[in-house]
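Heads up: the protein sequence lines correspond to chains A and B, in order. Position in the first sequence (first residue = 1) + 255 = this note's numbering. Position in the second sequence (first residue = 1) + 255 = this note's numbering. By construction, the Cβ of each residue, glycine as well, lies at the ideal position given by its N, Cα and C atoms. Quick caveat: nothing in here was measured; it's all calculated off a predicted structure. Accompanying notes for the structure given below.
Number of protein chains: 2
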Amino acid sequence: MSRRIPASTIRRLSHYLRSLEDIEGEGRETVSSEELADRGQTTAAQVRKDLSHFGSFGKRGLGYRVDELRVRLLEILGVDRVWKVALIGAGRIGSALFEYPAFESRGYECVAIVDADPEKIGAMWGALRIRPPEEIESLIGSLGIELFILAVPAQAAQQITDRAVGAGIKGILNFAPIRLKVPSHVAVEDVNLVMQLEALSFAITQRG
Amino acid sequence: MSRRIPASTIRRLSHYLRSLEDIEGEGRETVSSEELADRGQTTAAQVRKDLSHFGSFGKRGLGYRVDELRVRLLEILGVDRVWKVALIGAGRIGSALFEYPAFESRGYECVAIVDADPEKIGAMWGALRIRPPEEIESLIGSLGIELFILAVPAQAAQQITDRAVGAGIKGILNFAPIRLKVPSHVAVEDVNLVMQLEALSFAITQRG
DNA sequence: CGTCGCTTGTGAAAAACGTCACAAAATCTA
DNA sequence: TAGATTTTGTGACGTTTTTCACAAGCGACG
Ligand SMILES: NC(=O)c1ccc[n+]([C@@H]2O[C@H](COP(=O)([O-])OP(=O)(O)OC[C@H]3O[C@@H](n4cnc5c(N)ncnc54)[C@H](O)[C@@H]3O)[C@@H](O)[C@H]2O)c1
Ligand SMILES: NC(=O)c1ccc[n+]([C@@H]2O[C@H](COP(=O)([O-])OP(=O)(O)OC[C@H]3O[C@@H](n4cnc5c(N)ncnc54)[C@H](O)[C@@H]3O)[C@@H](O)[C@H]2O)c1
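Written as structure tokens, this is what we have:
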């Protein structure tokens, strides 16, 4: 029941949630920390310590009720509700993300698409019309958008971020390979695939 | 000059490399740990500690020679050469990745594309013809492929991984939302965007 | 009801990681 | 050449995160 939670704990909670969904699909009703650990590349003690930050959800001698723990993890991770998301940048990566069904199944609902290209503005993607960047502030306000998926070229990313922050955005999933400057109350997660490839080549070179 | 390097150090080295390229573009010849720290959201002591794992590259009173350190980081990260990469899964995310120029500019060269869809097999993407999964082993062998970018549905991912591992693959950038089982000499980096969105909604919910 | 087997929750110990502080090395100035 | 100035490299220190170990809680069963 502590205050500051390690980022690594959060990543593991997401894994536990996914494992619980699998286990529920197998028709099981309870699960032990040891089994969650096995499915998640961690240890039973780590599972229990992670969960203990948020309360005590298990029964000694028995384990955790799968459905109960699943619901608690949804609450902890904040995915027990719908999040309104805007996609900024209707390019190659943006179009792949827009059609990716995993977001919506976790409650991340894309309610707006923005692009600067005059050829794209006005086009329909599914039920959504692509909007120009000038409308960013009004879209955030009128649609209750809290999250941005930012998939624009690096040189446009900071400027858009500044406007989004001004309009009250709360979190940004950033695909542009730059470090966005945001005030401390705005959360940013970076997706940097080149860095991940570099981690692979480092690991391989190291052992080699 | 130590043995086991923290993953967080490797991530920061990638950032330093990117900063050095920027600094070189500005025509500067030397840089201090303090300036690298400012550009990388870390501290000067951290920069020096990170680098000290691999040797001592600076000059006291002066700092680091930009070009020299850049080249050393390229070597350390293993990107001072070309890596042959195969793209497995020519779907939505696969097509975005294939056209992403940042990979090739770091020496990650896509030399093969594989897909199981009979409609896609045989089609040309740029200069490459899409291959069927049966050819995975022979492609790895004949083209010297060391890295996979795995962009297939989750239920196909483990099976392809097993075959790739059998054929000698060394690293996998995995987009499928499952934890791949691989022997310890194979490196895996997972890209899991849903988990990153969950980290955002957790952070926002927490402060809220 | 008492005991037995199982599994949690959690302080305490250990390990990993980051920060601090300063001697040493280099340049610059005069 | 001496002294002032700058900035590295690194051991010592502090904090965070993981692992360990076990008392306590729960169900089952005779
Ligand atoms: N393609 C990939 O696989 C990939 C992977 C990881 C990261 N990224 C990053 O994602 C970003 C987009 O990459 P992409 O490959 O989709 O590029 P892209 O050129 O295909 O798409 C970018 C889109 O952003 C739009 N845009 C440009 N300026 C804008 C602005 N000011 N406001 C709104 N929209 C604007 C463009 O019109 C275009 O439609 C880049 O930063 C890239 O580095 C791409
Ligand atoms: N679309 C996204 O934005 C996105 C983002 C992150 C992760 N992912 C993940 O990436 C993977 C692919 O997603 P997608 O959206 O591109 O799906 P997709 O259906 O558009 O593409 C998948 C491709 O893989 C091919 N395929 C299927 N089985 C195969 C096999 N055994 N061997 C070779 N190829 C095979 C299919 O023919 C198809 O072309 C999924 O695991 C998904 O969860 C997708």
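{"Check": "Same chain only: Cβ atoms within 7 Å of A:VAL407, ignoring 5 sequence neighbours per side", "Outcome": "ILE343, GLY344, ILE415 and ALA431"}
{"Check": "Min CB distance B:TRP338 to chain A below 7 Å", "Outcome": "yes"}
{"Check": "Residue-level contact to chain A via CB, B:ALA431, 7 Å cutoff", "Outcome": "no"}
{"Check": "Straight-line gap, A:VAL449 to B:TYR363 (C-alpha atoms, nearest Å)", "Outcome": "9 Å"}
{"Check": "A:LEU448: CB within 6 Å of a non-hydrogen atom of ligand 2", "Outcome": "no"}
{"Check": "Nearest-angstrom beta carbon gap, A:GLY295 and A:SER263 [assumed within contact, 8 Å]", "Outcome": "Contact doesn't hold; Cβ gap of about 12 Å is too wide."}
{"Check": "Residue ranges of each alpha helix (DSSP H) within the stretch 294 to 319 of chain B, 4 or longer", "Outcome": "299 to 307"}
{"Check": "Beta bridge counterpart(s) of B:ARG386 as assigned by DSSP", "Outcome": "B:VAL369"}
{"Check": "Whole-number beta carbon distance between B:ALA367 and B:ARG386, since they are thought to touch under 8 Å", "Outcome": "6 Å"}
{"Check": "A:ARG267 to A:TYR319 span [Cα, whole Å]", "Outcome": "16 Å"}
{"Check": "Within chain B, the residues that A:THR460 reaches when beta carbons sit closer than 7 Å", "Outcome": "GLY333"}
{"Check": "Alpha-carbon spacing of B:ILE260 relative to B:LYS436, whole angstroms", "Outcome": "23 Å"}
{"Check": "Other residues of its chain near A:LEU324: CB distance less than 7 Å, five sequence neighbours each side excluded", "Outcome": "LEU275 and PHE312"}
{"Check": "Check: B:ASP370 C-beta below 6 Å from any heavy atom of ligand 2", "Outcome": "yes"}
{"Check": "Bounding residues of the alpha helix (DSSP H) (the contiguous stretch that carries A:ASP417)", "Outcome": "409 to 421"}
{"Check": "A:LYS436 at chain B interface by Cβ criterion, 7 Å", "Outcome": "no"}
{"Check": "Near ligand 1: A:GLY423 beta-carbon under 6 Å from a heavy atom", "Outcome": "no"}
{"Check": "Closest Cα partner of A:VAL302 within the set A:GLY316, A:THR285, A:LEU329 and A:HIS270", "Outcome": "A:HIS270"}
{"Check": "Where the alpha helix (DSSP H) through A:GLY426 begins and ends", "Outcome": "Here A:GLY426 belongs to no alpha helix (DSSP H); instead the beta strand (DSSP E) covers 426 to 429."}
{"Check": "Cβ-Cβ separation, B:ILE459 to A:GLU401 (assumed contact under 8 Å), whole Å", "Outcome": "7 Å"}
{"Check": "One or two residues paired with B:TYR363 in a DSSP bridge", "Outcome": "B:TRP338"}
{"Check": "Top-ranked residue by Cα proximity to A:ILE433, from B:LEU272, B:ARG384 and B:GLY399", "Outcome": "B:LEU272"}
{"Check": "Local Cβ density within 10 Å of B:ASP370, reported as buried at 16 or more and exposed below that", "Outcome": "buried"}
{"Check": "Proximal residues to B:VAL286 (C-beta, below 6 Å), its chain only, five neighbours per side dropped", "Outcome": "ILE278, GLY318, TYR319 and VAL321"}
{"Check": "A:GLY346: CB within 6 Å of a non-hydrogen atom of ligand 1", "Outcome": "yes"}
{"Check": "CA-to-CA distance, A:PHE309 to B:TRP338, given in whole angstroms", "Outcome": "44 Å"}
{"Check": "Beta-carbon gap between A:GLY426 and A:ALA409 smaller than 7 Å", "Outcome": "no"}
{"Check": "Beta bridge counterpart(s) of B:ASP445 as assigned by DSSP", "Outcome": "B:ASN429"}
{"Check": "Chain A contact residues for B:PHE358, given Cβ-Cβ distances below 9 Å", "Outcome": "LEU448, VAL449 and LEU452"}
{"Check": "Residue-chain proximity (B:TYR271, chain A), Cβ-Cβ < 7 Å", "Outcome": "no"}
{"Check": "C-beta neighbour in chain B for A:TYR319, strict 7 Å", "Outcome": "no"}
{"Check": "Where B:VAL326 sits in the DSSP three-state scheme", "Outcome": "helix"}
{"Check": "A:ALA382 beta carbon less than 7 Å from that of B:ARG347", "Outcome": "no"}
{"Check": "Beta-carbon neighbours of B:ILE265, restricted to chain A and to distances below 7 Å", "Outcome": "ALA454 and PHE457"}
{"Check": "Partners in chain B for A:GLN296, counting only beta-carbon separations shorter than 8 Å", "Outcome": "ARG434"}
{"Check": "Cβ-Cβ distance between A:VAL334 and B:SER456 below 7 Å", "Outcome": "yes"}
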